[in-house]
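Read through the structure below, which is laid out as structure tokens, and then see the notes.
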Amino acid sequence: MSTLSTVQAPVMSRDRPQSVVIAGTHSGAVAFGEDIADDQYSVSELSHVEDESRARRVRGHAGLGAAGTKEIFLRTTLSRAPPGLERLRSVEDSEARTSTSSNSQISSGENGHPGSAPADHASDVSPDAPLDAFGSDVSTESDELEPLPSSFALFAKTKFQLKTTHAYCCAALSQPLLAKSERADILASLAAWVLILRIMGDLPDVDMGDKFQLSGDQPLIVSRVRNSFRQKYSKKDLEEAQAKYSELFKDPTGVDTRTLPFMPDRSDTMLHKVQYVCSLGIYKPELRDELYCQLCKQLTNNPSRNSTVRGWVLMALFAGSFCPSERFASCFTNFLREGPPEFSQKVDLLLRRTCTAGTRGYPPSWLEFQAAKNNKPLLVPVAFMNGYRTLCEVDAATTVKELIINISEKIGLMDVTGYSVYITLHTKISCLGHGLHRVMDAISECEQQTKKMGMRESSSLWRLFFRREYFTPWPMQPDDVVNVDLIYQQVMRGVALGEYKCEKDDVLVLMAAQFYYIDHQSDVTFQKLEPFVQNFLAEDPVRANQVAFFVEKIKEVVQKNLLVTRPRLMSLKEDTVSLAKDKWFLLFSRFYDAPKVVGPGVALSSVVIAVNNKGLYILDEADTIRMHIAFWEIVSIIKGRQNATIRTIKADDYLVSTYHSDDFYNLLTSFVDGLRMRSQYAVVIQDVTSQGGGGGSVALTRGDLLTLTKPYSEFNGETQLQGTCKRTGSVATVSRDKVYVIAAMEEPTSDMLGCVMVQLKKDSTTFMCDVDFKPQTLQLYSKQYFRPLSENTVTKLLQKASLKRDRGDTLWQFTREPLKKPLLKRTCGREDLRRPACRAFSAIQQYMKDVAPSHELTDMELANEWVIEPARRNKYLREEIFCQVIKQLTNNPDRSSEDRGWQLLQLLCITVTPVGELYHQVLGFVNGSKHPQARSCADLLTNQKMWGSRLYPPHYLEHDIVVKRQPNVRVQLLLPSGTTMTIEAGSRTKVANIKQEVTNRLQIKTSSEYSLFLSSAGGMHSLPDRSMYFDCLSHAEFYWLRQHSTSRDSEVQAPGLIMLKKIWVNASPGEDEEADKYFHFPQEVPNFLRGYHDCAAPQVVHLAALLYRAKFGSDEKHFEKFSSVAPSILPRGFPADQSLDYVKKVVEEDYHRSRGMSEDEARLRFLQIISTWPTYGSVFFEVKRLIRMYEFSKIPNWAFDDNSFTFIVMDNGVTTKILLETTVGHNLDDVVMSHISWVMNAQMRRKHGFFNKAGESVC
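Take the sequence shown: its position 1066, counting from 1, is numbered 1066 in full-length UniProt numbering, and each next residue is one higher.
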């Protein structure tokens, strides 16, 4: 097993020697101590507690502090005379004095009444509100691009309504920090302040001890929060609550808080308190800034390390649940930048992902709480239908779509279409699909249900499965071995379990014979056939009694067919997959509950819609097929709010009502459009005389079938299609708008053509729906979603009376006038977004040079800070800004302005993509444009929708290639051997793509054991494989580089990109010669030269001779200057007791004994010797002395900060904390986590069909 050696690696060395101290530390888990209601948590399943007595011992040791006292959460301040109470009162008095002295600094214009709201109050207004709710035409706020509050202190000074500072305090709040308009929000804010202080350990709580709860005796936290907000509160309730909160801070353990609104029960565990305060922000958008401000206040100048760590843990859970509003977002980003990097960087990353994924639906799970306390990633096991599992790293914002992509990259699956993730809890199973559903929301829901049943969340027996949900109407991608094997295993498992039923014995016998032959193809004997048949027929009560009959039948098929023909195993699996696709297509469907389906002669209610590779089926409660619509019959699909209208080739409209109309529309559209793009069959819809293949003319009549020369998608933007007329056999070229492409992979039958011909005679306009490559605008979209041009009542009356020219549809096209209000109704309906939307439009105009710049801002600052960043943070601003950019590109009379607008649109598409109907509008706009950058925008939109959005706005290198219209950036990458490689990196290039490119060029067998690092003055930082390369660069410049830069310029020195081997589990010398040459040898030589390996003097001499030969070959003249050569072949400090002349002599003698050995052979021999040592392949971090070596199975947890690294060692039931003083703790954390993740995955792969206990996941 791999071991960890606490020594410094060559690329991470420091001049100052590091020290080793065995002591306690304040990691996240230690800061929270022990919660009696939470189970013991371990970072991996490598170490586990075997019995309750050992569990108590482990928890006891884990709670020891530096002074040897046991720090237990909720118990350190639970005595009758709480030890922290005096500190609380002294801080409260100090805060009161500070508040009094700072009164003059608070703006006198802020309203201090708890029930009033300031002018900038952020509230959500319904998009369907009356037009007067949008405000007046004239904006009362300035839209100049003035700098926003950059520090939390300045934000607090200008926005807080309380006479308090921005810094830490433990005093009661008489009213919220930010003004609120509703009493429920005020009460929730006051309760949140108490909860945050208790979670951080700044306010003592009452110890209720262990409380026995019956199943379902307490409502779920989500329900409690919802019910609290639904209650009506009077002014008296508010005054009584304020008075009781004042008493609470005077006597935290004596005041009864059960009657306070929004206050959780005292018996709630720490997890429940965290979930409750997170639920407040999830449920009520108006509270999100308040919660963030309260927590930022407590983290500013906090004197307690324990309280600070707890606060950052809570901040990470906030960031994974909801985002701050636009008025606080930029200030909060700067707050994170100034925070401790071991916490703030992860919070920032999670917050950026939450901005993309949106607010979650459930509070953080027990699993997330444990991961946040231990500052570790979440590794969730996903099971396949063949019984194997894999670990996937997720976070609070991970969607099912992202998880599926992660799984496909791990197992080498080429096409993920049709695969979905399922979650089970006891006997319940739910399909999560493959879309934007959050994985951790599903897990949190399972934990909530487990809690409702009277069990702890930590014992929730949920499981995640990855399986095929449906087939596509077109053939599967060829040579996708993983895809075929996964479906084959699922089908065979389903047949054995009775999920897929075979009515005919012959089919069942053939499938069983193939299954047996594939599993035993290396040694086909029939000794195991009978138990195999018994297991295969176990779920069929009738056939289970006929084992002998099926044994003989299967044996006959194997002997007379399979053993004679010896078919390829892959072809047998493909046959099984084809059988499942044709026979069980209804079972391989995506199902939708449809309350109503209405159409010509059809009026169905409470039915189920099944979409599969054969078409759309409507099933009743008895699973009887009531209706079938084939894909070739569908002409168009129109999506409504909770419905979709399907127009068929007969001009019939079917209205399908479903609560999942978005998913239903997207799936059905993808099938119909996918078939049409792959189709080679088109019907002529108008009589036309076209150009023939020989130069003559060909007369085509309405209804003629054309077989296109290539699939329809390959014609791209061509206006002419070429094909062969079936009636005449002549090759013809016809205009695209004269034909209708049939959504079919096979040649249409006579019945299909007959239906088309009948409708052509009735109304040929039914088939004129191909607008993919025609110019589009937002004119039609604006009629439904844009606000009216004017909301003045008199103006509207005048327009209705036709006394004034109607200019209501000019909002969708170019203008040089500034926007007084946003374009979209729902953006106008949100007060906190109106000003950012108008500022964004002003920035767009300045970027496009349509107006003069108001400030000295660069193009990159205008685009990133004022346009792209707001679009990335807020989904409503995202739609608004896309509409604004397209508006300025529509009918733009200035070519230069238009070119800069397309640059801005491409930069916007690099980072984000619109959703819903606007996505299709934007895609149609760029597809219909002939601008040179339109194609790049279309590709970016498609890739963003498929693979996800970026976390940072475009890097300055990306701005450069967009302006120069170049596809990629050339990146210089350094290898340990000193070789420099040039890699082409684009906006969608991931770190893993660069690794794969390097290993492919060097012909190295695998890239999974290597990592990319950014090297700068701040040290070495590993880059996550699944992150975008330019996101990593932006993150490095934001956090790692500027803080170590002495220059005040906005640009900092670019970091160096290095590729190193990180996990040395498959590094046997000679197995991969290229890896030995470029990585193994050059990475091991510095370790040897620095004296990190423990080796005897004769070995040193022999290795030095090998290094000389590897460096100089057969050239012996360098021995004459041995003193200059010695540092490059001898370890540091060698020889200690011998002269250099003597060492030269023995090295030269050993060198001569290897005469005839080449440089490559010398390198290989060097590695072969080093590889026998236990420290081979280690990453070294220098310390004063090597204490001992520990296996990873004995390290259940660890933590790090800027100046130390602490890991916990469990050995024979004894827990020890070891503190290493080092400035490269982040590198140690990365190396240890990488190795442990690899070991856990390796163990999981060996445990076929293994299912862990309780939640079967790790952090």
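We put the beta carbon where it would ideally sit given N, CA and C, even for glycine.
Separation of A622 from L823, as counted between CA atoms
49 angstroms
Are the stretch 461-475 and the stretch 551-561 in contact at 8 angstroms, needing three or more beta carbon pairs?
no
Using DSSP's beta-bridge definition, name the partner residues of I638.
T645
Going along the chain, which residues of its own chain have a beta-carbon closer than 6 angstroms to the beta-carbon of P914, five neighbours each way excluded?
E879, F882 and V922
Going by beta-carbon coordinates alone, are G433 and S444 separated by less than 8 angstroms?
no
Taking the beta carbon of M1240 as the centre, do at least 16 other beta carbons fall within 10 Å, making it buried, or is it exposed?
buried
How is the beta strand (DSSP E) around residue 1265 delimited, first residue to last?
With the chain covering 1 to 1259 only, the question about residue 1265 has no answer from this structure.
When DSSP builds the beta bridges, which residues end up paired with A862?
The displayed chain sequence assigns Leu, not Ala, to residue 862. Answer is none; L862 lacks a bridge partner.
Contact set for S764: own chain, Cβ-Cβ below 6 angstroms, skip 5 residues either direction
I685
Does DSSP classify G433 as helix, strand or coil?
strand
Kindly indicate the opening and closing residues of the beta strand (DSSP E) around L877.
Not the beta strand (DSSP E): L877 falls in the alpha helix (DSSP H), residues K875 to L889.
Nearest by alpha-carbon distance to I196: which of R258, P264 and F152 is it?
P264
I need the straight-line Cα distance from H1093 to K1111, nearest angstrom please.
21 angstroms
Local conformation of P1098 per DSSP, three classes
helix
Under 8 angstroms by Cβ, that's how I've got I868 and S987 pegged, so tell me the actual separation to the nearest angstrom.
Going by Cβ atoms, the distance from I868 to S987 rounds to 13 angstroms, so no, they are not a contact pair.
Please go through the stretch 308-345 and give each complete alpha helix (DSSP H) segment of 4 or more residues, from N-terminal end onward.
326-337
Looking only at DSSP bridge pairs, what is A610 linked to?
F591 and Y617
Looking at Y1151 and R1109, is the spacing between their C-beta atoms short of 8 angstroms?
yes
Assigned exposure category for K297 - 16 Cβ within 10 Å defines buried:
buried
Taking buried to mean at least 16 other C-beta atoms within 10 Å of its own C-beta, is S1047 buried or exposed?
Unreliable placement is indicated for S1047, whose pLDDT of 43 sits below 50; the coordinate value is still reported in the next sentence. Classification of S1047: exposed, given that the 10 Å Cβ count is below 16.
Quick check on L780: buried or exposed, where buried means 16 or more other Cβ atoms within 10 Å of its Cβ?
exposed
So G299 packs on G281, CB below 8 angstroms; how close in whole Å?
In the sequence on display, residue 299 carries Leu and not Gly. Contact flag wrong, Cβ pair sits at about 17 angstroms.
Quick check on D1031: does DSSP put it in helix, strand or coil?
helix
Rounded straight-line distance, which links the Cα of V912 to that of A938
13 angstroms
In the structure shown, what three-state DSSP assignment does V656 receive?
strand
Go through its chain and collect everything with a Cβ distance to E86's Cβ below 7 angstroms, but skip five positions before and after it.
Residue placement at E86 is poorly supported in this model, since its pLDDT is 38, which falls under 50; the coordinates are not used for a value here.
Compute the distance between the beta-carbons of L317 and A372, then report whether it is under 8 angstroms.
yes
Where E898 and N716 are concerned, what is the direct C-alpha to C-alpha distance, given to the nearest angstrom?
24 angstroms
To the nearest angstrom, how far is it from the Cα of D1141 to the Cα of M1157?
24 angstroms
Is DSSP giving H1021 helix, strand or coil here?
strand
Buried versus exposed, by CB contacts within 10 Å (16 or more), A1242:
exposed
Would DSSP call V347 helix, strand or coil?
helix
Would you kindly check if the distance between the Cβ of G901 and the Cβ of Q776 is under 8 angstroms?
no
Inspect the beta-carbon positions of G1056 and V1224 and report whether they are closer than 8 angstroms.
no
Neighbour-count burial assignment, N374, 16 or more Cβ in a 10 Å radius:
buried
Could you tell me the distance, in whole angstroms, from the CA atom of L46 to the CA atom of M1210?
With a pLDDT of 31 at L46, under the threshold of 50, the modelled position of this residue cannot be trusted, and the question is left open.
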